[in-house]
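See below for the structure under consideration.
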Amino acid sequence: MSTYTRSAARGALIGLLCSGMVLLSFPARAEIIGTESMVATEARSNDLATVQAFMSRDEVRAELQSFGVDADAAALRVAALSDAELQQLAGRIDQQPAGAGALAVVGIVFVVLLILELVGVTNVFTRI
Amino acid sequence: MWTRRAAALVAALLLTACASSATRSLPPQMAAVELEQTPFFAQADYQCGPAALATVLAASGLEVLPRDLVSQVYVPGRHGSFQAEMVAAARRYQRVPVPLPQTLEAIVAELQGGRPVLVFLNLGLRILPVWHYAVVVGYDPATRSLVLRSGRERRERMSIARFDAAWQRAERWAVTLTTAAAIPASATLQGWIAASAPFESLGQWAVAESAYRAAAERWPQAALPQTALGNVQAAQRKWLPAVAAYTVALKRAVDAGVLNNRASALMELGCLDAARSDLDRARELAPAIAVGVSLQRTRSQLGALSADGIQRTCPQAVRELLAQ
Chain A
1 MSTYTRSAAR
11 GALIGLLCSG
21 MVLLSFPARA
31 EIIGTESMVA
41 TEARSNDLAT
51 VQAFMSRDEV
61 RAELQSFGVD
71 ADAAALRVAA
81 LSDAELQQLA
91 GRIDQQPAGA
101 GALAVVGIVF
111 VVLLILELVG
121 VTNVFTRI
Chain B
1 MWTRRAAALV
11 AALLLTACAS
21 SATRSLPPQM
31 AAVELEQTPF
41 FAQADYQCGP
51 AALATVLAAS
61 GLEVLPRDLV
71 SQVYVPGRHG
81 SFQAEMVAAA
91 RRYQRVPVPL
101 PQTLEAIVAE
111 LQGGRPVLVF
121 LNLGLRILPV
131 WHYAVVVGYD
141 PATRSLVLRS
151 GRERRERMSI
161 ARFDAAWQRA
171 ERWAVTLTTA
181 AAIPASATLQ
191 GWIAASAPFE
201 SLGQWAVAES
211 AYRAAAERWP
221 QAALPQTALG
231 NVQAAQRKWL
241 PAVAAYTVAL
251 KRAVDAGVLN
261 NRASALMELG
271 CLDAARSDLD
281 RARELAPAIA
291 VGVSLQRTRS
301 QLGALSADGI
311 QRTCPQAVRE
321 LLAQ
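Protein chains in written order, with the numbering used here: chain A, 1 to 128; chain B, 1 to 324.
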């Protein structure tokens, strides 16, 4: 599925959920603004942030699974993420920098970096 | 004579130029330090993330091994670990992951405070990145180098210049782990509360509360720690202590969000008039949209409660609190 259709679908679903939230006004339940959203750098509508966090949790869990994390672990991992961390990962798991270490370097990249290493530009292979 | 002076001047200029590029933002008076007792776990395959995280968790007094962390931070399909998950996993062990200011000085200051620093590095190039987690444990001004627990090296020495370049290519990301009671020297109030607040959202009230109490001690005049303490009480439906904390916060700084939260807590206690007056005050502050949405909801709940015909009396303790 292309990124465009995915984000369009996501947009439509967020819209749907938002309008649903407005229509179904929940009975008396104290509306406390949590500390996390009070100190968040981005000012967003609470509704939108809640809906997005809800959506992102599912999205990130599915993405982790598609990158080989098993289902139970993925659920626990997503539950541990803050709203800001969820936003950081949602839809970007394939591009997010993943720390692996120098042992991960293979193929043509290895050759290029080895040459750069020998001329003193990089520092990848010290004492391996 | 003249030529010797000129030569000395040129040499001095060259030396300063070299020094300033090699010791970027490290003041010369910072003393050598090495946290030798920091444990070391050699990384397996692509798993520098679990190894580096285990190092800082173990250094903070926990018994954790890299293999315990693999299922929490390693992503097989990406052969690596994400920064977001590294800090989230630290929280699962009740450690507060505090981001450091992006200076070498902040790293060395943490070492001098006895805490090793988890860093993210790009050992390759911007276009050919080699992402790596390591733990800085030492600084040696004599050789202008840092000592790291890194990969399969217990004591990897890296010149400041090389470290700085690799760190720069990874956006200068550095994190230190502390218990909720011990705020690092370099932390800002906003930064500490932001690092602790996820505990509240994740329902770990006790950790959040002790982090906020530590903040209230460190910044005794600030409103934010009191607000946060109020929020953690309110989240557990302890409405009276919540109102007490919000009241202290509001005496220090009037804020529409805090007024909204106090109004909600007051409503739960049956103090509808006091809640209404908080909401009226908040409206006059022309709040941001997000806060305005919450205020609107709180007001409609208040309307519903006022119209349900049930007789409520505001407890004496609350009236005394508000009258203070």
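Glycine included, C-beta positions come from ideal geometry on N, C-alpha and C.
Quick one: Cα of residue i to Cα of residue j, how far?
i: Ala90 of chain A; j: Ser306 of chain B; result: 42 Å
i: Met21 of chain A; j: Gln72 of chain B; result: Caution applies to Met21 of chain A, whose pLDDT of 44 falls short of 50 and renders its modelled position unreliable; the model cannot decide the point.
i: Thr35 of chain A; j: Gln233 of chain B; result: 12 Å
i: Leu23 of chain A; j: Gly61 of chain B; result: Because Leu23 of chain A sits at a pLDDT of 40, beneath the cut-off of 50, its placement in the model cannot be relied upon, and the point is left open.
i: Gly113 of chain B; j: Thr38 of chain B; result: 13 Å
i: Leu229 of chain B; j: Leu240 of chain B; result: 12 Å
i: Leu13 of chain B; j: Ile160 of chain B; result: With a pLDDT of 41 at Leu13 of chain B, under the threshold of 50, the modelled position of that residue is not reliable, and no figure is offered here.
i: Val136 of chain B; j: Arg57 of chain A; result: 33 Å
i: Gln311 of chain B; j: Gly303 of chain B; result: 14 Å
i: Ser264 of chain B; j: Ala181 of chain B; result: 29 Å
i: Arg169 of chain B; j: Ile93 of chain A; result: 20 Å
i: Leu65 of chain B; j: Ala59 of chain B; result: 11 Å
i: Val70 of chain B; j: Cys48 of chain B; result: 10 Å
i: Glu284 of chain B; j: Gln88 of chain A; result: 35 Å
i: Val175 of chain B; j: Arg78 of chain B; result: 22 Å
i: Val293 of chain B; j: Arg218 of chain B; result: 33 Å
i: Gly101 of chain A; j: Val130 of chain B; result: 7 Å
i: Pro99 of chain B; j: Trp167 of chain B; result: 14 Å
i: Ala43 of chain A; j: Ile289 of chain B; result: Its pLDDT being 44, under 50, Ala43 of chain A is placed unreliably by the model, and nothing is read from it.
i: Val318 of chain B; j: Leu224 of chain B; result: 21 Å
i: Asp140 of chain B; j: Leu146 of chain B; result: 6 Å
i: Glu104 of chain B; j: Arg157 of chain B; result: One detail in the question is off: residue 104 of chain B reads as Leu in this sequence, not Glu. Distance between the alpha carbons of Leu104 of chain B and Arg157 of chain B is about 15 Å.
i: Leu76 of chain A; j: Thr143 of chain B; result: 45 Å
i: Thr55 of chain B; j: Asn231 of chain B; result: 33 Å
i: Val39 of chain A; j: Val111 of chain A; result: 46 Å
i: Phe26 of chain A; j: Glu36 of chain B; result: Note that Phe26 of chain A scores 41 on pLDDT, short of 50, meaning its location in the model is unreliable and no value can be drawn from it.
i: Ala195 of chain B; j: Arg95 of chain B; result: 10 Å
i: Arg91 of chain B; j: Gly309 of chain B; result: 46 Å
i: His132 of chain B; j: Arg299 of chain B; result: 51 Å
i: Thr16 of chain B; j: Pro28 of chain B; result: Residue placement at Thr16 of chain B is poorly supported in this model, since its pLDDT is 39, which falls under 50; the coordinates are not used for a value here.
i: Pro97 of chain A; j: Arg297 of chain B; result: 40 Å
i: Gln301 of chain B; j: Leu279 of chain B; result: 12 Å
i: Gln226 of chain B; j: Gln324 of chain B; result: 17 Å
i: Gln204 of chain B; j: Asp68 of chain B; result: 21 Å
Out of the options, which has the shortest C-alpha to C-alpha gap to residue i?
i: Val60 of chain A; options: A:Met38, A:Asn123, A:Leu86; result: A:Leu86
i: Glu320 of chain B; options: B:Ala282, B:Asp308, B:Ala274, B:Leu279; result: B:Ala274
i: Ile32 of chain A; options: B:Asn260, B:Tyr212, B:Ile310; result: B:Asn260
i: Phe41 of chain B; options: B:Leu53, B:Asp308, B:Met30, B:Glu34; result: B:Leu53
i: Gly99 of chain A; options: B:Gln29, B:Glu85, B:Gln236, B:Arg91; result: B:Glu85
i: Ala30 of chain A; options: B:Arg78, B:Ala290, B:Glu268, B:Ala223; result: B:Glu268
i: Leu272 of chain B; options: B:Ser196, B:Leu121, B:Val117, B:Pro315; result: B:Pro315
i: Ser277 of chain B; options: B:Ala249, B:Leu266, B:Asp140; result: B:Leu266
i: Ala134 of chain B; options: B:Leu118, B:Ala142, B:Arg91; result: B:Leu118
i: Ala235 of chain B; options: B:Ala208, B:Val254, B:Thr179, B:Pro220; result: B:Ala208
i: Pro116 of chain B; options: B:Ser150, B:Leu125, B:Thr313, B:Arg91; result: B:Ser150
i: Ala221 of chain B; options: B:Gln204, B:Leu279, B:Ala242, B:Arg252; result: Checking the sequence shown, residue 221 of chain B turns out to be Gln, not Ala. Measuring from the Cα of Gln221 of chain B, the nearest candidate turns out to be B:Arg252.
i: Met55 of chain A; options: A:Gly68, A:Pro97, A:Asp70, A:Val78; result: A:Val78
For the putative contact between residue i and residue j, defined by C-beta atoms under 8 Å, what is the C-beta separation to the nearest angstrom?
i: Ala256 of chain B; j: Ala282 of chain B; result: 4 Å
i: Ala80 of chain A; j: Ala89 of chain B; result: 7 Å
i: Ser66 of chain A; j: Ser201 of chain B; result: The pair is not a contact, with the Cβ atoms about 26 Å apart (cut-off 8 Å).
i: Val154 of chain A; j: Leu116 of chain A; result: The structure shown does not extend to residue 154 of chain A, since chain A is modelled only from 1 to 128, so the question has no answer here.
i: Phe199 of chain B; j: Ala214 of chain B; result: The pair is not a contact, with the Cβ atoms about 12 Å apart (cut-off 8 Å).
i: Leu123 of chain B; j: Thr122 of chain A; result: 6 Å
i: Gln43 of chain B; j: Ala51 of chain B; result: 4 Å
i: Gly138 of chain B; j: Glu34 of chain B; result: 3 Å
i: Val87 of chain B; j: Pro97 of chain B; result: 4 Å
i: Val109 of chain A; j: Leu128 of chain B; result: 6 Å
i: Thr247 of chain B; j: Leu322 of chain B; result: 7 Å
i: Ala249 of chain B; j: Val258 of chain B; result: 5 Å
i: Trp173 of chain B; j: Gln83 of chain B; result: 6 Å
i: Leu103 of chain A; j: Tyr46 of chain B; result: 6 Å
i: Val69 of chain A; j: Val75 of chain B; result: 6 Å
Grab the span of the alpha helix (DSSP H) containing residue i for me, first residue to last.
i: Trp239 of chain B; result: 239-252
i: Ser294 of chain B; result: 289-307
i: Ser81 of chain B; result: Per DSSP, Ser81 of chain B belongs to no alpha helix (DSSP H) and is neither H nor E.
Determine the extent of the beta strand (DSSP E) in which residue i is found, giving its start and end residues.
i: Ala174 of chain B; result: 174-178
i: Glu63 of chain B; result: Run containing Glu63 of chain B: none; DSSP gives neither H nor E here.
i: Trp219 of chain B; result: That residue, Trp219 of chain B, is in no beta strand (DSSP E); it is neither H nor E in DSSP.
i: Pro97 of chain B; result: 96-99
i: Asp140 of chain B; result: 131-140
i: Phe120 of chain B; result: 117-122
i: Glu153 of chain B; result: 153-159
i: Val147 of chain B; result: 145-150
Does the structure place the region 100-111 of chain B close enough to the region 182-191 of chain B that three or more beta carbon pairs sit under 8 Å?
Because the criterion of three Cβ pairs below 8 Å is met, the region 182-191 of chain B and the region 100-111 of chain B touch.
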